[in-house]
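Visitor: Protein sequences appear in the order of chains Y and V.
Taking the working numbering, the leading residue of the first sequence gets 1, the next gets one more, and so forth.
Taking the working numbering, the leading residue of the second sequence gets 1, the next gets one more, and so forth.
Backbone N, C-alpha and C fix where the C-beta goes; we use that ideal spot for every residue, glycine too.
Protein chains: 2
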Amino acid sequence: MEPLQKEEIEKAIQNLDGWEYNENAIHTKIEFKNFKEAFSAMTRIAFEAEAQAHHPEWTNVYNQLEISLSTHDAGGVTQKDIEMATTIETLLFN
Amino acid sequence: MEPLQKEEIEKAIQNLDGWEYNENAIHTKIEFKNFKEAFSAMTRIAFEAEAQAHHPEWTNVYNQLEISLSTHDAGGVTQKDIEMATTIETLLFN
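#1: Within the 8 Å Cβ cut-off, does Glu50 of chain Y reach chain V?
#2: Using a Cβ cut-off of 7 Å, pull out every chain Y residue sitting near Asn163 of chain V, in sequence order please.
#3: If you measure from the beta carbon of Thr28 of chain V to each beta carbon in chain Y, is any gap under 8 Å?
#4: What are the start and end residues of the beta strand (DSSP E) that includes Glu57 of chain V?
#5: What residues in its chain sit with their C-beta under 8 Å from that of Asn63 of chain Y, if we drop five residues either side in the sequence?
#6: Classify Thr71 of chain Y as helix, strand or coil using the three-state DSSP reduction.
#7: CB-CB under 8 Å to Ala49 of chain V, same chain, minus the five flanking residues each way: which ones, in chain order?
#8: What span of residues does the beta strand (DSSP E) with Glu20 of chain Y cover, start to end?
#9: Apply the 10 Å Cβ neighbour rule to Asn22 of chain V and answer buried if 16 or more other Cβ atoms are within range, or exposed otherwise.
#10: Taking Ala46 of chain Y as the query, report the chain V residues whose CB atoms sit under 7 Å from its CB, ordered along the chain.
#11: Within the continuous alpha helix (DSSP H) that includes Thr90 of chain Y, where are the two ends?
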């Protein structure tokens, strides 16, 4: 899978809420009510990540969750990352 | 709760496997077989963290898990962190 061009990535994340592109990955930060809400969201994302065979780099502390997506094999952001970001948005905010 | 002294922390983590003390927190890295194993471990830790009302800062990517423990209110490592590290070790390796 080929990495997307910068313009393609920036156009794609305009359709999402709260994602930024830098350092060859797309990133978001989400704040939840508390740890249980944050970890519940992580669990839902984990199942989707496993199903898509595409896993985030993510950091959690209490109610904060930071997620970075990139496709290591491709050396950048691919359509798989855009799909995973879209899945996360759908899971959490729809 | 008072932060522990450097010597107390270093003595306490000698009884644990793979923990280091630096930057005012204790840290470990654990490698699992795959994402499912890593996230299963995180889930077990999450329930304990919630029960102890003491939450890690942790980063996961695929089969890798990095955990940092400190007590923000105390500005350092306290007995709560040693207890959580011990809990994690017991959960995962015993």
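Guide: In short:
#1: yes
#2: Residue numbering for chain V in the displayed model covers 1 to 94; residue 163 of chain V lies beyond these limits and cannot be assessed.
#3: Not one chain Y Cβ lies under 8 Å of Thr28 of chain V.
#4: Start and end: 57-61.
#5: Same-chain partners within the cutoff: Glu31, Phe32, Lys33, Asn34, Phe35, Glu37, Ala38.
#6: strand
#7: His55, Pro56, Met84
#8: For Glu20 of chain Y, the uninterrupted beta strand (DSSP E) segment begins and ends at 20-22.
#9: With fewer than 16 Cβ atoms within 10 Å of its Cβ, Asn22 of chain V is classed as exposed.
#10: Phe39
#11: Thr90 of chain Y -> alpha helix (DSSP H) spans 79-93.
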